[in-house]
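Residue numbers (this note's numbering): 30 to 181.
Written as structure tokens, this is what we have:
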């Protein structure tokens, strides 16, 4: 997939976990496109939901350990949505190029965290990396939609 972005503008990355934890952070703009993805094998049989995204860029499930998930070659200005699911004792750290880095605590009960990265300019070669504690199972979905509004 290829997506182009407009002028450089700071972006905001936000996290929302199902347990209502929220954090917002200013980060630089980013972009996303084609992906080298692993086969989908999931504990729940489907990757985390990224409803509201126009394009699904990455969808993985049933993963363990650390992995360079994909490189998105190009992304347009808009909003990149990242949904991460994990279960098992430990943590999972997600790096979205130089746009956002966040760590999610994982527990015996699976939980999903949803993040948005708002892009104001084109980004190229955005590397997605996941680092997970031993014994943590995770899934990841990345999507894109035009504009910087929250999905309805």
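Where a beta carbon is used, it is the ideal one built from N, C-alpha and C, also for glycine.
Only residues of its own chain outside the window of five on either side were considered, and among them 130, 158 have a CB closer than 6 Å to the CB of residue 124, listed in chain order. A straight line joining the alpha-carbon of residue 116 with that of residue 133 spans about 10 Å.
Cβ-Cβ distances below 6 Å link residue 162 to 119, 120 in the same chain, with the five nearest sequence neighbours on each side left out; the list follows chain order. In the three-state scheme derived from DSSP, where H, G and I count as helix and E and B as strand, residue 139 is classed as coil. By the CB criterion at 9 Å, residue 79 and residue 171 fall inside the cutoff. Annotated three-state conformation of residue 150 is coil, per DSSP. As a beta-bridge residue in DSSP terms, residue 130 pairs with 124.
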